[in-house]
Amino acid sequence: MENLKIPITKRQLSLLKRIANCDDRRLDDLINLLFSTGLSYYFCERSICISKNDDEYSADEIKQKAINDKLILDNPKFHYLTAEEQKELGYKYVDSSFDNYNRDNDFIEKLSDEIKNNALKEIKKDYQEIEKNIIKENTPNLNQVKNNA
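Quick look at the structure:
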């Protein structure tokens with residue numbers, strides 16, 4: 003996992019620590035949750051589009067891109083064909099970018115959820131550890147029970 007670094011004053015850090023404490027959270031978890039929520043809110047009405055890196059294409063998209071490239075190479079008038087004719091030849095559009103224009107495929111929302119889940123995984127581990135320790139503390143020791151009987 004990578005880390006981000008933001009400049010803040012001692013006073014701001016102190017306030018954030020106290021806010022986290024008051025909210026029964028670790029500071030790191032609070033920051034992850036705030037950042038993920040802020041990312042989502044910041045881009046909820048602001049459009050953005052970024053190009054995909056080569057390693058961000060799925061295996062199916064890579065295969066389809068190769069098919070599309072071959073179709074274009076083998077058919078000099080490919081771009082003059084209708085969308086239906088292109089489709090009949092096997093062409094399928096492969097998106098080369100991430101955007102938040104389409105609510106069903108909003109990469110900002112997905113990124114925000116992933117960042118939030120980073121914090122929630124840590125919180126869940128903590129709760130499991132606490133639960134395990136509580137069970138140990140509340141389970142009578144069988145040797146003690148026998149000795150007291």
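Residue numbers (this note's numbering): 3 to 151. Backbone N, C-alpha and C define an ideal beta-carbon position, used for all residues, glycine too.
{"query": "Here's a check: name, in chain order, each residue in its chain whose Cβ is nearer than 6 Å to the Cβ of D101, leaving out the five neighbours to either side.", "result": "C51"}
{"query": "What ranges does the beta strand (DSSP E) occupy inside the region 38 to 116, keeping only unbroken runs of at least 3 residues that lie completely in it?", "result": "51 to 53, 99 to 101"}
{"query": "Nearest to F45 by alpha carbon, out of E90, L15, R20, F109?", "result": "F109"}
{"query": "In chain order, what residues of the same chain lie with their CB nearer than 8 Å to the CB of L18, ignoring the 5 residues before and after it?", "result": "I10, L29, L32, I33"}
{"query": "Going along the chain, which residues of its own chain have a beta-carbon closer than 8 Å to the beta-carbon of Y59, five neighbours each way excluded?", "result": "K67, V96"}
{"query": "Quick one, are the C-beta atoms of L6 and I117 less than 8 Å apart?", "result": "no"}
{"query": "In chain order, what residues of the same chain lie with their CB nearer than 8 Å to the CB of L73, ignoring the 5 residues before and after it?", "result": "F80, Q88, L91, G92, Y93"}
{"query": "Which residue comes first and which comes last in the alpha helix (DSSP H) that contains I21?", "result": "12 to 24"}
{"query": "Just to confirm before moving on: does the CB-CB distance between L35 and A121 stay below 8 Å?", "result": "yes"}
{"query": "Where does I135 sit, in a helix, a strand or coil, going by DSSP?", "result": "According to the sequence displayed, residue 135 carries Asn and not Ile. Three-state result, N135: helix."}
{"query": "Could you check which residue in Y103, A22, N77 has the C-alpha nearest to that of E47?", "result": "Y103"}
{"query": "So is S38 buried or exposed if we call it buried at 16+ other beta carbons inside 10 Å?", "result": "buried"}
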